Structures are given as C-alpha cells and as structure tokens.
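For the protein sequence lines, the chains are A and B, in the order given. If you read the first sequence in our numbering, its first letter stands for residue 1, the second for the next number, and so on. If you read the second sequence in our numbering, its first letter stands for residue 309, the second for the next number, and so on.
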Amino acid sequence: MEPTSSLDITESLQHKTVRLTSAPETRLAEELFTASGAALLGWTMDEFAGMLAFAANRRPAATDSENYLRALHIRDLALAQACARGYEPGWKFFIDSYREPLRQAATVISKSSSIGEELADSLYAELFGLKNQGGVRRSPLASYSGRGSLMGWLRTTLAQRYVDRFRRTHRETPLEEGQFVTANETSLPTEDTTHLRLESTIVATLRDLDTEDRFLLASYFLDGRTLLEVAHLLRVHEATVSRRLKRLTEFVRKRLLRELQRQGLKRAAAEEALGVDPRDLSINLRKILQPATKPPFSDQSEHQRQNE
Amino acid sequence: MTIRPQPEPHLDADQLTAFAEGALTASERTLCLQHLAECAHCREVAFLAGASMPSEQPAPAPAHQFPFTWWSVLSLGAATIAAVAITAVLLHHTHQSTPAAAVQIATDSLTSSSPPAMTAAPMDHAVPAEPRAYSSPKPSPAQRAPRPEASDQHSQQVNGALALDSTAALTQPGALPPSTPSSKASQGISIASAGPLAQSQARGTEAGHAASDLALRSYGAAPRPLAPDGSAEISGTITDSSGATIPHAKVTLDQAAGNFHRETVTDGAGRFTIGSLQPGKYRLEISSPGFMAQVRDVELGTTQLARVDSKLTVSSVSETVAVQSGAAVMNTESAAIGSTLPDKESPQSSVSSGARTLAIDSAGKLFLSKKAGKHWKAVRGPWKKSTVTNLSLTADQNFKVTTVQGSWLSGDGEHWHPTN
Numbered sequence: 001m002e003p004t005s006s007l008d009i010t011e012s013l014q015h016k017t018v019r020l021t022s023a024p025e026t027r028l029a030e031e032l033f034t035a036s037g038a039a040l041l042g043w044t045m046d047e048f049a050g051m052l053a054f055a056a057n058r059r060p061a062a063t064d065s066e067n068y069l070r071a072l073h074i075r076d077l078a079l080a081q082a083c084a085r086g087y088e089p090g091w092k093f094f095i096d097s098y099r100e101p102l103r104q105a106a107t108v109i110s111k112s113s114s115i116g117e118e119l120a121d122s123l124y125a126e127l128f129g130l131k132n133q134g135g136v137r138r139s140p141l142a143s144y145s146g147r148g149s150l151m152g153w154l155r156t157t158l159a160q161r162y163v164d165r166f167r168r169t170h171r172e173t174p175l176e177e178g179q180f181v182t183a184n185e186t187s188l189p190t191e192d193t194t195h196l197r198l199e200s201t202i203v204a205t206l207r208d209l210d211t212e213d214r215f216l217l218a219s220y221f222l223d224g225r226t227l228l229e230v231a232h233l234l235r236v237h238e239a240t241v242s243r244r245l246k247r248l249t250e251f252v253r254k255r256l257l258r259e260l261q262r263q264g265l266k267r268a269a270a271e272e273a274l275g276v277d278p279r280d281l282s283i284n285l286r287k288i289l290q291p292a293t294k295p296p297f298s299d300q301s302e303h304q305r306q307n308e
Numbered sequence: 309m310t311i312r313p314q315p316e317p318h319l320d321a322d323q324l325t326a327f328a329e330g331a332l333t334a335s336e337r338t339l340c341l342q343h344l345a346e347c348a349h350c351r352e353v354a355f356l357a358g359a360s361m362p363s364e365q366p367a368p369a370p371a372h373q374f375p376f377t378w379w380s381v382l383s384l385g386a387a388t389i390a391a392v393a394i395t396a397v398l399l400h401h402t403h404q405s406t407p408a409a410a411v412q413i414a415t416d417s418l419t420s421s422s423p424p425a426m427t428a429a430p431m432d433h434a435v436p437a438e439p440r441a442y443s444s445p446k447p448s449p450a451q452r453a454p455r456p457e458a459s460d461q462h463s464q465q466v467n468g469a470l471a472l473d474s475t476a477a478l479t480q481p482g483a484l485p486p487s488t489p490s491s492k493a494s495q496g497i498s499i500a501s502a503g504p505l506a507q508s509q510a511r512g513t514e515a516g517h518a519a520s521d522l523a524l525r526s527y528g529a530a531p532r533p534l535a536p537d538g539s540a541e542i543s544g545t546i547t548d549s550s551g552a553t554i555p556h557a558k559v560t561l562d563q564a565a566g567n568f569h570r571e572t573v574t575d576g577a578g579r580f581t582i583g584s585l586q587p588g589k590y591r592l593e594i595s596s597p598g599f600m601a602q603v604r605d606v607e608l609g610t611t612q613l614a615r616v617d618s619k620l621t622v623s624s625v626s627e628t629v630a631v632q633s634g635a636a637v638m639n640t641e642s643a644a645i646g647s648t649l650p651d652k653e654s655p656q657s658s659v660s661s662g663a664r665t666l667a668i669d670s671a672g673k674l675f676l677s678k679k680a681g682k683h684w685k686a687v688r689g690p691w692k693k694s695t696v697t698n699l700s701l702t703a704d705q706n707f708k709v710t711t712v713q714g715s716w717l718s719g720d721g722e723h724w725h726p727t728n
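Next comes the structure, spelled out in structure tokens:
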C-alpha cells in the first residue's frame, strides 16, 4: 500500500504573484509585517504582502480577509513561508527554535528515541526542501496556512510521516486473522429474520447519527482510543466525552429497540434481539461508520480554485 | 498500529492542526469531523499528533442542559411564591414589632412639698425602640458575666417620690440571664443582643421562635456600649413640675461607704450621666437654684445602668427632700420590664416590691408579675371592673391601688383590703 500524501492546496506559491492593492490592505500588510518580525526573517515588504495576499485567498468562503489575516499565527506563517522560500535568516531561526522540540515530538509519537530521532531528521530534510520539481525547491512548509500553530503543524506532519513510515515498513506484515473481516465478505448464513431485522436497524440507526457522534463511536469503540485522547482532540473535558458516549450508547439502544418494535417485534423479543452475540450478525460496523465520501473541504477547495 | 482501508484523500496537516487547535469555523469543523469519523488514517494521525501535544485539560462542560420544560416553570413559580411569602412575613413582623422596649415606671412626682407618697403616673413619653443593627459586637467575657438576679434588682425599689424612667433602649449586649421560652420578646432581644455565640446557643434551644427573633433583632432597641470592666452608670433627666428640663442642675454622687465623690451638671436638655461607677450604695443629690434639692439613695449592681429622672419642685427657700431608702433603680439590662402585658400592651405604669411587679395598662386593668415582668396575670381586686386610676407603693412597701370607688392596699398584689 502506498503511503498517503496530504492535500496540497498551496502548490505553485512561488510561481504566483499576488498583490494587495487597496490602501487598507497595504496598511494591514505593513502592520502584520511589523508584528511578525518578517524583516528579520528575510522578507521584503512586497514579498510579504504577496504572501499575505496568497494566504488570504485560502480563507473560507464568506470570511472577511482582514479578520482572517489578523486571526492567523502571523509570526509562524512568516517563518514557515520564509523557510519554504529558502530565506537563510528564516531557516536559521527555524533551526534554533524548532529543531529540539521537533525531535522531542517525534520521540513521543514513535515512542522510541531512535525512531524519533530518525523521523525528525527525515522530516527536517524534507522541510528544507530536498525535492526538486523543475529545478525549484519545494518544501512542505509552503502548505502551512497559519490557522494553527506551526508547532502543531509540525507535530501533525510528524504523525503523518510516522503513519506513512509504519505502512511502508509493515507493508508485507500479514494481517491478523479476522482483523479486517468485513461482513459482506465473510457473511455467515443468516436465515433468522430477527437477525436480519436487527442488522438493517443497526445500519439505519448508525447512519442516521451525526458526524460527531459517529466520530466518538469510531474513536472509542473501533480505534480503542481512551476518553482522554478523544477529549484532547475535541478540546473538551474527559468527563464530557464520557457523558456523551453514555448518552449516545443509550440513545442507540433505545432507538434500536423502538425500531425493532416498530417492525413488529414485541419489546421482550426486541430486547432479546439486542442481546444477540455480535459475531452472529453479518454487519460491518466499520463500514457503516466509515463510508467512503467525497473529500473533506471540497467546497472550500472549489472556492479556492475559483479565487485562483 | 493497524493498517486499515481508508477513504482518500485525507486531511492535510494544516487542516488537522487547525481542527485540533480549534481554529476552524463551524462548517469546517463539521467537515473535518465528518472525515475523521470515516477515516481511521486521519484519526490515527490526529490522535498521534495530539498525544505529543502538551497536555491541556479543558474545563468540563455542564452536565446536561435541561430544556425549558414544565417542571422548570413550576420550580421557578414555587421559588417566586416562597420569596413573596418570606417578604410578607418579614414585613408583617416589621409592623408587629411593638416598641415594647419602652417602659416607664413612675411614682408620684415631687411636685408637692408634702411627704412623698408613691403614686403611679401615666407614662406619657415612652421612647419608641430604635432600629438596631443586625450585628452586635461580640461581648467580652466580662460582658457575658451573669447579671444580678432580678429579685436583687427589685430589692432596690422606689421608696421616694422621684419619677423614674426606664427604657429597654438601654438594654446591654451580653450579661443577660437565660431567657425563658415564654418570654419571647425578651428572648428575641436577648438573642439579638448577645453576640454570635449566644445567638447560636439561643437558636439551638429556641429554634421555634426564629421568626420573632429575627424581627426583634432588626427592630429592637439600640444597644449602648457597656463598660468592659463591669462598672455601672447612672443617668437621668431633670425636669421641673411642668416637665421642662432644667439645665445646669448640679448632680452630686457620693458613695455611702467610702470617699467616692463625683459631681456633674445637667446639659442643655437637662440630662446627666455619671459613669465608671463601682457597684455599691450611693447617695445622689440633685439641686438647682430655685428648686428643692433631692437626695436619693441608689444601689448599683455590676454593669448596671440606672436611669434616674427627677422632677424638682420650685421652692422659695432652700429645701432638701431626703429619700429614706434605696432609690428605684430600673433594671435596664433586662427586657423583663420592657415586656408587654398579656393584652399586648405596654404597661402604662408599674411599681415593684421585691420580685413582684404591678402594672396597669391604658384601659386601667391591673396586672401582676411575680417574676419581674416575665409573666403577667390579670388581677381582679375588690374594685371589680372599675378602672384603676393610680398605682403606687406605700412607704411600708405595700401596693396601693386607687380607683373611682376608693383605694386598696396589698402586700402581695393579690389580696387587697381597702384603706381606711
């Protein structure tokens, strides 16, 4: 399996010339130029304004450009884009500031100091822009938009590279038996109408859940993530996730009971049906919770393409 | 880590970071969640990146936001009704709190030059209770010392013709005897006056009277500062026979057994105060040019605040009225005398002999208390339903009642015989 690549929506940054034309935009660019310390990173005012104009084009639809630019991590953005463009002052500042945190984050992600070191060095080289396309150095830092922090972006990129690396190194590792058993492929012969009803009801119920509920169920039950991990990602308290999960499972159970009763089963029979061994059901929860859909932010990508 | 079939393409690092840091708009966040719910790869990346982030523990969200349902309306209404009821009760107590603290005990004023005879004068200038602050200073141990028994106080009763005035406005914080449940008014004052500790103790024993306590606490008499060393004080107002105050009257106090001597003069309103007095017997002399001088024997107890109001009579020659026995010293530390009669009225006048006190109300009914005003009962003497017009104490400590039908004498206030 090939390693996956990120959505690169900022390609050809260095080939586009975008300028801020209006007086307010120019004043804003000057203000942000000063605030970000861009001059120390090797930026000229014109280049910085062009970079800002390009960053503003990546904003979501119906968002004011000034507010969007002011909400950005402008210092991180100036640093990342300076590094992506190969400005020496910027790159030196990046080494001084992020080399050690990057190594530490890689160690945490890989749970190994040696692998972490290797992962960090690899990413470091990649960020420097070893890839040449048409003689132009291309750095992943160019895709950094400034909406999140640069350190967060680096951690996420490290995690992506670690997953990709894992996939590369584990490509030929045989899957555990039954690990990815899909019900459609290994469906057991089910003639029991109660089971059929239950399967269809489960599918309908889970597909009716909203995205966050499905994310909770998938993270907690499919991925085996802890409450703390889920809470950390959703930026809520662990107890909040616990309560949501409890309510969610109760809701699913009640909904299943109601649907089964609506289909003609008595309550006792419906409860008995819910108590069936899941291995007897020919459903693939993973497939129900994770249907293939269109790419995320596709609308935004269209908006961006229109802007470009 | 496991390898799972994934939908393509994935969220990039920029989007995942913005999602994890809460920098996305609501619609973008929904899109991200939608993808994350379906993409194990991106969840894996997001969780790995999150694991390497420094831990931040957000505050827990509210447990459950209940919708605005019928029971919430009901509970809101119940709370409103309760608040209105409490306000009504408080207002009721505000209007019901009588100025019971103001009691005047008077004998015949010395308006005549005849030998003094004890008669009761109607109280015509009772002082209404002043609002008192809720919090009273915590009494010192000396202040909390038990005051002398009421019987001791009343052993120093009137034997002269000086008009005596008492008001429970002089009620002191602390130094109060344990109040009995039956005297709720005095109990309330006691609780209010006696500092937090005594208040809590009193509440513990008399929790059922909390409402009356609260009302009295708010509208009781204002406490006066008490000398921390337990010393006593004498104060009073000097008036002439017409009731006009006599300024610059000379007030001399001499200790009966000792060489203590203190002199003062009344102020422009005819008032005087002599404080920091040790307990004991004193001789009080009041004189003013053009008036007959008065001499009183006063016995002061610990922390006692005696109020001696005097009416001086005009005299063409210098005369001195000698009081033969102890002057009537009001027990101003206890609200006992300040308590109301059974008909909820304040006594119009009262006289005491020993522990027994007789009082008449505005309707001329006679009441007897054997416990210094704590318990009252109506007295039905041989004058039947005639109105008592005067109440006094004779020189031999007998009660004397005057009605339109005549006068009666009694030693105990219960058994009466007509005067001859």
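From the three backbone atoms N, C-alpha and C, an ideal C-beta is built for every residue, glycine too. As the structure is a prediction and not an experimental result, all values here were calculated from the model.
Inset, instruction - Report yes if the C-beta distance between residue 576 of chain B and residue 547 of chain B is below 8 Å; otherwise report no. - result: Going by beta carbons, residue 576 of chain B and residue 547 of chain B fall outside the 8 Å limit.
Inset, instruction - Using a Cβ cut-off of 8 Å (strictly closer), state whether residue 334 of chain B contacts chain A. - result: No, its Cβ sits nowhere closer than 8 Å to a Cβ of chain A.
Legend entry - Which of helix, strand or coil DSSP assigns to residue 385 of chain B: The three-state reading of DSSP puts residue 385 of chain B in helix, counting H, G and I together.
Inset, instruction - Kindly provide the ranges of any alpha helix (DSSP H) runs that are 4 or more residues long and lie completely inside the region 565–617 of chain B, ordered along the chain. - result: The region 565–617 of chain B contains no whole alpha helix (DSSP H) run of 4 or more residues.
Inset, instruction - Specify the secondary structure class of residue 64 of chain A as computed by DSSP and reduced to three states. - result: DSSP, reduced to helix, strand and coil, places residue 64 of chain A outside both helices and strands of the structure shown, so it counts as coil.
Inset, instruction - Could you pull the start and end residues of the beta strand (DSSP E) that residue 653 of chain B belongs to? - result: From DSSP, residue 653 of chain B is part of no beta strand (DSSP E); its letter is neither H nor E.
Inset, instruction - With 7 Å as the limit, tell me which residues of the region 68–90 of chain A have their beta carbon closer than that to any beta carbon of chain B; keep them in chain order. - result: Going along the region 68–90 of chain A in chain order, one finds no residue with a Cβ nearer than 7 Å to chain B.
Legend entry - Helix, strand or coil at residue 156 of chain A according to DSSP, with G and I counted as helix: In this structure, DSSP gives residue 156 of chain A a helical state, which the three-state scheme calls helix.
Inset, instruction - Consider the Cβ of residue 157 of chain A: report whether some Cβ of chain B lies at a distance smaller than 8 Å. - result: Answer yes: the Cβ-Cβ gap between residue 157 of chain A and chain B drops below 8 Å somewhere.
Inset, instruction - Look at the alpha carbon of residue 330 of chain A and the alpha carbon of residue 58 of chain A, and state the distance between them as a whole number of angstroms. - result: Since the first residue shown for chain A is 1 and the last is 308, residue 330 of chain A is missing from the structure and cannot be characterised.
Inset, instruction - Give the interface partners of residue 153 of chain A over in chain B, defined as CB-CB distance under 8 Å, in chain order. - result: Neighbours of residue 153 of chain A on chain B, chain order: 321, 322 and 325.
Legend entry - Alpha carbon of residue 719 of chain B to alpha carbon of residue 572 of chain B, nearest angstrom: Per the coordinates, the alpha-carbon of residue 719 of chain B lies some 38 Å from the alpha-carbon of residue 572 of chain B.
Inset, instruction - Between the Cα of residue 25 of chain A and those of A:274, A:162, A:114 and A:66, spot the shortest distance and give me the residue it belongs to. - result: Ranking A:274, A:162, A:114 and A:66 by CA distance to the CA of residue 25 of chain A puts A:66 first.
Legend entry - Min CB distance residue 227 of chain A to chain B below 8 Å: Residue 227 of chain A does not count as touching chain B.
Inset, instruction - Check each candidate in B:356, B:588, B:392 and B:703 and name the one with the smallest Cα separation from residue 561 of chain B. - result: Considering only alpha carbons, the answer is B:588.
Legend entry - Residue from B:698, B:594, B:715 and B:356 whose Cα sits closest to the Cα of residue 108 of chain A: If you compare the alpha carbons of B:698, B:594, B:715 and B:356 with that of residue 108 of chain A, the shortest gap goes to B:356.
Legend entry - Residues in the region 226–256 of chain A having any Cβ partner in chain B nearer than 7 Å: Within the region 226–256 of chain A, the residues whose Cβ lies closer than 7 Å to some Cβ of chain B are 229, 232, 233, 235, 236, 237, 239, 240 and 243, listed in chain order.
Inset, instruction - Kindly confirm or deny that the region 318–334 of chain B and the region 117–127 of chain A touch, where touching means at least three C-beta pairs closer than 8 Å. - result: Taking one beta carbon from each stretch, the region 318–334 of chain B and the region 117–127 of chain A have fewer than 3 pairs nearer than 8 Å; the two do not touch.
Inset, instruction - Check whether the Cβ atoms of residue 691 of chain B and residue 665 of chain B sit closer than 8 Å, and answer yes or no. - result: No Cβ-Cβ contact shorter than 8 Å links residue 691 of chain B with residue 665 of chain B.
Inset, instruction - Identify whether residue 91 of chain A lies in helix, strand or coil by the three-state DSSP scheme. - result: Of the three classes helix, strand and coil, the one that applies to residue 91 of chain A here is helix, per DSSP.
Inset, instruction - Would you mind working out which of A:265, A:214 and A:78 sits nearest residue 248 of chain A, comparing C-alpha positions? - result: Per the Cα distances, A:214.
Legend entry - Collapsed DSSP secondary structure at residue 710 of chain B in the structure displayed: Here residue 710 of chain B sits in strand by DSSP.
Inset, instruction - Output yes or no for whether 8 Å exceeds the beta carbon distance between residue 87 of chain A and residue 148 of chain A. - result: Contact annotation: residue 87 of chain A and residue 148 of chain A have beta-carbon atoms that are not nearer than 8 Å.
Legend entry - Closer than 7 Å at the beta carbon, the chain B residues around residue 211 of chain A: Going along chain B in sequence order, the residues near residue 211 of chain A (Cβ under 7 Å) are 338, 341, 342 and 345.
Inset, instruction - Go ahead and pull the three-state DSSP assignment for residue 24 of chain A. - result: Three-state result, residue 24 of chain A: helix.
Legend entry - Proximal residues of chain B, C-beta to C-beta of residue 223 of chain A below 7 Å: What residue 223 of chain A touches in chain B: 348 and 351.
Inset, instruction - Reducing DSSP to helix, strand and coil, say where residue 226 of chain A ends up. - result: Taken through DSSP and simplified to helix, strand or coil, residue 226 of chain A comes out as coil.
Inset, instruction - Output the distance between the C-alpha atoms of residue 55 of chain A and residue 128 of chain A, rounded to the nearest integer angstrom. - result: Between residue 55 of chain A and residue 128 of chain A, the C-alpha separation is close to 21 Å.
Inset, instruction - Just the C-alpha distance for residue 390 of chain B and residue 397 of chain B, rounded to the nearest angstrom, thanks. - result: Spanning the two alpha carbons is a distance of roughly 11 Å.
Legend entry - Members of the region 105–124 of chain A near chain B, C-beta cut-off 7 Å: Taking 7 Å as the Cβ-Cβ cut-off against chain B, the residues of the region 105–124 of chain A that qualify are 105, 108 and 109.
Legend entry - residue 396 of chain B at chain A interface by Cβ criterion, 8 Å: It does not: the Cβ of residue 396 of chain B has no partner Cβ on chain A nearer than 8 Å.
Legend entry - Backbone CA spacing between residue 157 of chain A and residue 345 of chain B [nearest angstrom]: Approximately 20 Å, taken between the alpha carbons.
Inset, instruction - Identify, in the order they occur along the chain, each residue of the same chain with its Cβ nearer than 6 Å to the Cβ of residue 354 of chain B, setting aside the five sequence neighbours on each side. - result: The beta carbon of residue 354 of chain B is closer than 6 Å to those of 324 in its chain, skipping five residues each way along the sequence.
Inset, instruction - Specify the secondary structure class of residue 544 of chain B as computed by DSSP and reduced to three states. - result: Shown here, residue 544 of chain B sits in a strand according to DSSP, grouped into three states.
Legend entry - Distance between residue 232 of chain A and residue 238 of chain A (C-alpha atoms, nearest Å): So the alpha carbons of these two residues sit roughly 8 Å apart.
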